[in-house]
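Numbering (my numbering), first residue to last: 431 to 633.
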């Protein structure tokens, strides 16, 4: 095994650990994930893992594997602690995942399957980004979770063995969105520590 292999494994372990604060929050009743969204998220992650492996990814395969395990755990928890949910976004994401699978099975277009499901996966970040912008008062578990996710994504980027489209797209995309969310969480936490701005004294 090379140094990149060990870095990739570390990235996977850390990324899996990022789900722990989220799972605990679900069990304690603080979050109620939607079952349909969780299932589609899991399906998308499985297709990313399978297509990424088929394209030759090895050193960087551990992060998407961690995402499959983590999203499977969240999906399982959603059936006990979650809510129903079947909106337009879920239907669209399922349709894209289905098209990607068909393109792979019948046309051997593995790269399309990877890119299509990466796009689906990236849409799952829209909700936390929107929440962080609209509700800057965040709980500590989010800082812990997104710090771990960000470090995992950073390590995975270091494990990329070749900067080809097939191998590098997933690590780059995951790093960018995790960096964005981590940055928003960190900024909100720093603002919360400083407190509200003081009004100028009246002369």
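Glycine included, every Cβ here is placed at the ideal spot set by N, Cα and C.
DSSP beta-bridge partners of residue i
i	result
residue 464	513
Close-in-space but distant-in-sequence residues of the same chain around residue i (CB under 7 Å, 5 per side omitted)
i	result
residue 453	503, 504, 507
residue 572	615
residue 444	578, 581, 582, 585
residue 588	437
6 Å Cβ shell around residue i - same chain, five flanking residues per side excluded
i	result
residue 608	579, 580, 583
residue 461	455
residue 539	533
For residue j and residue i, believed in contact at Cβ under 8 Å, the rounded distance
i	j	result
residue 485	residue 544	6 Å
residue 432	residue 601	That belief does not hold up - the Cβ atoms of residue 432 and residue 601 are roughly 16 Å apart, past 8 Å.
residue 555	residue 611	6 Å
residue 448	residue 492	Not quite, the Cβ-Cβ distance comes to about 13 Å (not below 8 Å), so this is no contact.
CB contact check: residue i to chain C, cutoff 8 Å
i	result
residue 553	Structure shown: chain C not included; a single protein chain is present.
8 Å Cβ cutoff met for residue i and residue j
i	j	result
residue 487	residue 597	yes
residue 446	residue 500	yes
residue 562	residue 606	no
residue 574	residue 463	no
residue 405	residue 470	Given a span of 431 to 633 for the chain in the structure shown, any question on residue 405 remains unanswerable.
residue 511	residue 457	yes
residue 548	residue 594	no
residue 603	residue 552	yes
Same chain, Cβ closer than 8 Å to residue i, five either side skipped, listed in chain order
i	result
residue 509	465
Original post:
Counting Cβ pairs, one atom from each stretch, are 3 or more of them under 8 Å apart for the region 525-532 and the region 469-486?
Top reply: yes
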